[in-house]
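> From first to last, the protein sequence lines are chains A and B.
So the first sequence is numbered by the working numbering: it starts at 191 and just counts up by one.
So the second sequence is numbered by the working numbering: it starts at 21 and just counts up by one.
Virtual Cβ for every residue (Gly too), placed ideally from N, Cα, C.
Given the structure is predicted, the values throughout are model-derived calculations rather than measurements.
My questions will all concern the structure given below.
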Amino acid sequence: MPGRQLIMSFPVTATSHGLPDYRARGGYGALAKTLGQMKPQDVVKEVTASGLQGRGGAAFAVGRKWQVVQYDDGQPHYLIANADEGEPGTFKDRWILENNPHVLLESMLIASYALNVRNCFVYIRGEFDLPYRRLADAVEEAYAAGLFGRNILGSDFSCDIVVYRGAGAYVAGEASGLISSLEGKKGYPRNRPPRLTVRGLYQRPTVVNNVESLSNIAWIISNGADAFKAVGTPKSPGTRLFSVSGHINRPGVYEVELGYPWMKFLDEDCGGVPHGRAIKCVVPGGVSSKVLTGADIANLKLSHEDLWDAGSTLGSGGMIVIAEGTCMVALLQVLMRFYHHESCGQCTPCRHGTGWLHRILDRIVAGDGRADDIERLYYISKFNDGTTICGLGDAAGYACSGILDKFRDEFEYCIEHKRSKFGGNLECLRSS
Amino acid sequence: MKHLVPEFEKLRERFPAGFESSLVLPCLRRIQEDRGYVADSDIEELAVFLGVPQIQIEEVLSFYTQFRRKPIGRWHLQFCHNVSCSMNGAENVLAHVERKLGIKPGQTTPDGRYTLSTVECLGSCGTAPMMMVNDGYHENLTLTKLDELLQGLK
Ligand SMILES: Cc1cc2nc3c(=O)[nH]c(=O)nc-3n(C[C@H](O)[C@H](O)[C@H](O)COP(=O)(O)O)c2cc1C
Ligand code: SF4
Ligand code: FES
Chain A
191 MPGRQLIMSF
201 PVTATSHGLP
211 DYRARGGYGA
221 LAKTLGQMKP
231 QDVVKEVTAS
241 GLQGRGGAAF
251 AVGRKWQVVQ
261 YDDGQPHYLI
271 ANADEGEPGT
281 FKDRWILENN
291 PHVLLESMLI
301 ASYALNVRNC
311 FVYIRGEFDL
321 PYRRLADAVE
331 EAYAAGLFGR
341 NILGSDFSCD
351 IVVYRGAGAY
361 VAGEASGLIS
371 SLEGKKGYPR
381 NRPPRLTVRG
391 LYQRPTVVNN
401 VESLSNIAWI
411 ISNGADAFKA
421 VGTPKSPGTR
431 LFSVSGHINR
441 PGVYEVELGY
451 PWMKFLDEDC
461 GGVPHGRAIK
471 CVVPGGVSSK
481 VLTGADIANL
491 KLSHEDLWDA
501 GSTLGSGGMI
511 VIAEGTCMVA
521 LLQVLMRFYH
531 HESCGQCTPC
541 RHGTGWLHRI
551 LDRIVAGDGR
561 ADDIERLYYI
571 SKFNDGTTIC
581 GLGDAAGYAC
591 SGILDKFRDE
601 FEYCIEHKRS
611 KFGGNLECLR
621 SS
Chain B
21 MKHLVPEFEK
31 LRERFPAGFE
41 SSLVLPCLRR
51 IQEDRGYVAD
61 SDIEELAVFL
71 GVPQIQIEEV
81 LSFYTQFRRK
91 PIGRWHLQFC
101 HNVSCSMNGA
111 ENVLAHVERK
121 LGIKPGQTTP
131 DGRYTLSTVE
141 CLGSCGTAPM
151 MMVNDGYHEN
161 LTLTKLDELL
171 QGLK
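Have a look at this one:
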């Protein structure tokens, strides 16, 4: 096992997702402790002291986000768990929703108490069926046990929850797009400032956190910030759930203590690459994070600081392993089709830029690439950067320039020879 | 949609006061489950019921990929063709189904049984390749598995 486990710390059985099993694991003890012994500001302090970073992509400190909310400003506040999980390569929140939904609910109750939230929401992607049913059942169990509703566990604290289903839009996973969607509109992201913690859902202060970020709260309250900081590295406390896919023998969701050696994780825990192939590159955390080559990652640890130093990020934890023999031109074409399809179209650079990137890749793959297409791809990638409302435009550019930086020769080859160096192959080949 | 109003009233009770607009997505989902798609009359009636502008509902319907304005086949096969699925043979399984059903993504078989689509990552990359059949996920697809599955869909 890659280090200590805080969220996946029990064997999954036919009943382990239910309330009785969760209670038997000590579940809802952190809520009782919170309501019985802690003031709301103590909870915010503890979470801030833990150094917990967001697990949705940007690794923004959870405590710092929470501190913006003024407990007693006389307005309603809202909390939303982001369960949209749309970043390609990412399927780790699904593990929590399916196998440990109560840890999310308990954590949301604690967060709601801390932030003076009367109504909280889980925004779950529309295609998720089993994760939705597991979560909805857990909500019913929790209501029946008096864990939601009025005067929870006999305290003054009351809180309700709604599970809200999306309807198919990647951009609705972006926090402000999510809020538009939860208001029953198309999922258009909004310009900031104002921050969502100042004006969010229906113009009220709103905290949006990723499912996994929130799911750490119960553990932090039970065990304390110091215990949390003792897990992981000083700059990356705790663990992260990685969803591993692509060319790998044992794909799946793994909880990894931050600071764990990356190659050891891939070789020992994930069983290495099929057919004994070498790693060509890895998408570290969802396709919006820059790829790193096998050589780049050889001595890296899985921590925010190591990834930042290497020019990438742990992002959403969606790790895609790519074996030698894979055509990066074809892979980038898939990615650019995705961003083009998902751009909401509000910002000109993103609307046109993603379309141009997609069409240029289409023509390179078709053998009609032009000599200056690589420069053109770079130019468009840069021109998105920082000029758009949300991060989707930027992400498309990073994904594109990231792959070009590392594998420029393959694109040159494809343009010059009018065919892919690797036959356009995306699968893991048996023999070389 | 009128017969669904009692359900919608119940749904409304779960939301805080003033959140009528938020009911647009859940109500449309329910209407689509019921009718198979969302009709013009549904839009008009829902706008009145929730007190939201009709244009908001129309925008929602065109923005999200899961909503439909027209009926489709009884079985909706949606193949993921994003990175991890493509890296594990998605094109291959898709081509097999295209051949078998004689249709391309975006089309419905003449007997109205199957509609084929391609979709972007469905959060199931570790069990690639995968597809959705109506609401359910089918993972780790192989050609044999697909053949068996299609046989069972009448
Ligand atoms: C295009 C786009 C899509 C996103 N999709 C998701 C998502 O599916 N799930 C998620 O948790 N965060 C997603 N994010 C990040 C959110 O905007 C937000 O930063 C996050 O939910 C905050 O939670 P955290 O601070 O706990 O990580 C997305 C961001 C962008 C720009
Ligand atoms: S960057 Fe792209 S996806 Fe984001 S708001 Fe602008 S157009 Fe929409
Ligand atoms: S790439 Fe197909 S489910 Fe993620």
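Pull the bridge partners of B:Trp-95 from the DSSP assignment, please.
Along the second sequence, one-based indexing puts residue 95 of chain B at 75. Its beta-bridge partners are B:Tyr-134.
> Starting from the C-beta of B:Phe-28, find all residues in its chain whose C-beta is less than 6 Å away, skip the five residues before and the five after it, and write them out in chain order.
For this step, residue 28 of chain B is matched to residue 8 along the second sequence. These residues qualify, in order along the chain: Cys-47.
> For A:Ile-407, which of helix, strand or coil comes out of DSSP?
For the purposes of this step, residue 407 of chain A is taken as residue 217 along the first sequence, with counting starting at 1. Reduced to three states, the DSSP call for A:Ile-407 is helix.
> Quick one: which residues of the segment 279 to 299 of chain A get their C-beta closer than 7 Å to a C-beta of chain B? List them in chain order.
Gly-279, Thr-280, Phe-281 and Arg-284
> Please list, following the chain, all residues that have a C-beta closer than 5 Å to any non-hydrogen atom of ligand 3.
Residues with a Cβ closer than 5 Å to any heavy atom of ligand 3, in chain order: B:Cys-100, B:Asn-102, B:Ser-104, B:Cys-105, B:Cys-141, B:Leu-142, B:Ser-144 and B:Cys-145.
> Beta strand (DSSP E) containing A:Val-398: first to last residue?
The count along the first sequence starts at 1 and reaches residue 398 of chain A at position 208. Taken as a continuous stretch (DSSP letters only), the beta strand (DSSP E) holding A:Val-398 covers 396 to 400.
> If you run the structure through DSSP and keep just helix, strand and coil, what is A:Leu-269?
The residue given as residue 269 of chain A occupies position 79 in the first sequence. The answer is strand: DSSP assigns A:Leu-269 an E or B state.
> Quick one: Cα of A:Ile-564 to Cα of A:Gln-523, how far?
By 1-based counting over the first sequence, the position of residue 564 of chain A is 374. By 1-based counting over the first sequence, the position of residue 523 of chain A is 333. Cα to Cα, A:Ile-564 sits roughly 13 Å from A:Gln-523.
> Where does the unbroken beta strand (DSSP E) through A:Thr-429 begin, and where does it stop?
Stepping through the first sequence from its first residue, residue 429 of chain A is reached at position 239. It spans 429 to 436 - the beta strand (DSSP E) in which A:Thr-429 sits, taken as one unbroken run.
> Here's a check: name, in chain order, each residue in its chain whose Cβ is nearer than 8 Å to the Cβ of A:Ser-412, leaving out the five neighbours to either side.
Against the first sequence, residue 412 of chain A aligns to sequence position 222. Apart from sequence neighbours up to five positions away, the residues of its chain that approach A:Ser-412 with a beta-carbon distance below 8 Å are Gly-216, Gly-219, Ala-220 and Lys-223, ordered along the chain.
> Expressed to the nearest angstrom, what Euclidean distance is found between the alpha-carbon atoms of A:Gln-257 and B:Met-107?
Position 67 of the first sequence, counted from the first residue, corresponds to residue 257 of chain A. Position 87 of the second sequence, counted from the first residue, corresponds to residue 107 of chain B. Going from the Cα of A:Gln-257 to the Cα of B:Met-107 covers about 43 Å.
> Name the chain B residues whose beta carbon is nearer than 7 Å to that of A:Asp-319?
Working through the first sequence from its first residue, we reach residue 319 of chain A at position 129. Near A:Asp-319 (Cβ distances below 7 Å), the residues of chain B are Asp-155, Gly-156 and Tyr-157.
> Write down the C-beta distance between B:Leu-97 and B:Leu-136 rounded to the nearest angstrom, noting that I regard them as a contact closer than 8 Å.
In the second sequence, counting from the first residue as 1, residue 97 of chain B sits at position 77. In the second sequence, counting from the first residue as 1, residue 136 of chain B sits at position 116. With 8 Å as the limit, B:Leu-97 and B:Leu-136 qualify as a contact, their Cβ atoms being about 5 Å apart.
> Looking only at DSSP bridge pairs, what is A:Asn-309 linked to?
Numbered from 1 along the first sequence, position 119 holds the residue referred to as residue 309 of chain A. Its beta-bridge partners are A:Tyr-268 and A:Asp-350.
> On the DSSP bridge list, what partners appear for A:Gln-243?
Within the first sequence, residue 243 of chain A is the residue found at index 53, counting from 1. DSSP output for A:Gln-243 lists A:Ala-251 as bridge partner(s).
> Would you say A:Val-352 lies against chain B (beta-carbon separation less than 8 Å)?
Taking the first sequence and counting its residues from 1, one reaches residue 352 of chain A at position 162. Yes, A:Val-352 counts as interfacial toward chain B.
> Pull the bridge partners of A:Glu-445 from the DSSP assignment, please.
As a working note, residue 445 of chain A is residue 255 in the first sequence. Paired residue(s): A:Leu-431.
> Note down, in chain order, each residue of its chain lying with its Cβ closer than 8 Å to the Cβ of A:Ile-438, except the 5 sequence neighbours on either side.
Here residue 438 of chain A refers to the residue found at position 248 of the first sequence. Excluding positions up to five away in sequence, the list reads Leu-456, Cys-460, Gly-461, Gly-462, Val-463, Pro-464 and Val-511.
> Which residues, in order along the segment 392 to 409 of chain A, keep a beta-carbon less than 9 Å from a beta-carbon of chain B?
Tyr-392
> Would you say the beta carbon of A:Asp-274 comes nearer than 7 Å to a heavy atom of ligand 1?
For this step, residue 274 of chain A is matched to residue 84 along the first sequence. True, at least one ligand heavy atom lies under 7 Å from that Cβ.
> By the 10 Å Cβ neighbour count, where 16 or more other Cβ atoms means buried, how is A:Met-191 classified, buried or exposed?
Within the first sequence, residue 191 of chain A is the residue found at index 1, counting from 1. Flag for A:Met-191 reads exposed.
> Mapping the DSSP letters down to three states, classify A:Leu-482 as helix, strand or coil.
To locate residue 482 of chain A, count along the first sequence from 1; it is residue 292. In this structure, A:Leu-482 counts as strand in the three-state DSSP scheme.
> State yes or no: is the beta carbon of B:Pro-36 nearer than 8 Å to at least one beta carbon in chain A?
The residue labelled residue 36 of chain B in the question sits at position 16 within the second sequence. For B:Pro-36, the nearest CB of chain A lies under 8 Å from its own CB, placing it at the interface with that chain.
> Which residues does DSSP list as the beta-bridge partners of B:His-177?
Residue 177 of chain B is absent from the model: chain B starts at 21 and stops at 174.
> Can you pull the chain A residues whose beta carbon is under 8 Å from the beta carbon of B:Gln-76, in chain order?
Residue mapping note: residue 76 of chain B aligns to position 56 of the second sequence, counting from 1. Gly-374 and Lys-375, listed in chain order.
> Can you tell me which of A:Gly-264, A:Asn-615, A:Tyr-261 and A:Val-312 puts its alpha carbon nearest to the alpha carbon of A:Ala-271?
In the first sequence, residue 271 of chain A corresponds to position 81, counting from 1. It is A:Val-312 whose Cα lies nearest to the Cα of A:Ala-271.
> If you count every other CB in all the chains shown that lies within 10 Å of the CB of A:Asp-319, and 16 or more means buried, which is it?
Start at 1 with the first residue of the first sequence, and residue 319 of chain A comes out as number 129. A:Asp-319 comes out exposed.
> Residues around ligand 2, please: the condition is that the C-beta lies closer than 5 Å to some non-hydrogen atom of it.
A:Val-361, A:Pro-379, A:Ser-533, A:Cys-534, A:Gln-536, A:Cys-537, A:Cys-540, A:Thr-578, A:Ile-579, A:Cys-580, A:Leu-582 and A:Gly-583
> Identify, in the order they occur along the chain, each residue of the same chain with its Cβ nearer than 6 Å to the Cβ of A:Ser-302, setting aside the five sequence neighbours on each side.
On the first sequence, position 112 is the one that residue 302 of chain A refers to. For A:Ser-302, where only same-chain residues beyond five positions count, the Cβ hits under 6 Å are Leu-269, Cys-310 and Cys-349.
> Quick one: Cα of A:Arg-566 to Cα of A:Thr-203, how far?
Taking the first sequence and counting its residues from 1, the one referred to as residue 566 of chain A is at position 376. Taking the first sequence and counting its residues from 1, the one referred to as residue 203 of chain A is at position 13. Going from the Cα of A:Arg-566 to the Cα of A:Thr-203 covers about 53 Å.
> Per the DSSP calculation, B:Thr-128 is bridged to which residue(s)?
Numbered from 1 along the second sequence, position 108 holds the residue referred to as residue 128 of chain B. In DSSP, B:Thr-128 forms a bridge with B:Thr-135.
> Could you tell me the distance, in whole angstroms, from the CA atom of A:Ser-591 to the CA atom of A:Thr-280?
The count along the first sequence starts at 1 and reaches residue 591 of chain A at position 401. The count along the first sequence starts at 1 and reaches residue 280 of chain A at position 90. When rounded, the distance between both Cα atoms is 21 Å.
> Regarding A:Arg-245 and ligand 1, is the C-beta to nearest heavy atom distance less than 7 Å?
What you label residue 245 of chain A is simply residue 55 of the first sequence in a count that begins at 1. At least one heavy atom of ligand 1 is nearer than 7 Å to the Cβ of A:Arg-245, so yes.
> Does DSSP put A:Leu-337 in a helix, in a strand, or in coil?
Position 147 of the first sequence, counted from the first residue, corresponds to residue 337 of chain A. Three-state DSSP puts A:Leu-337 in coil, outside helix and strand.
> Roughly how many angstroms lie between the CA atoms of B:Ala-37 and A:Gly-374, to the nearest whole one?
Translated into positions along the second sequence, residue 37 of chain B becomes position 17. Translated into positions along the first sequence, residue 374 of chain A becomes position 184. Rounded to the nearest angstrom, the two C-alpha atoms are 15 Å apart.
> Pull out every residue of the segment 432 to 446 of chain A whose Cβ sits closer than 8 Å to any Cβ of chain B, in chain order.
Against chain B - using a Cβ distance shorter than 8 Å - the residues of the segment 432 to 446 of chain A are Ser-433, Val-434, Ser-435, Gly-436, His-437, Pro-441, Gly-442 and Val-443.
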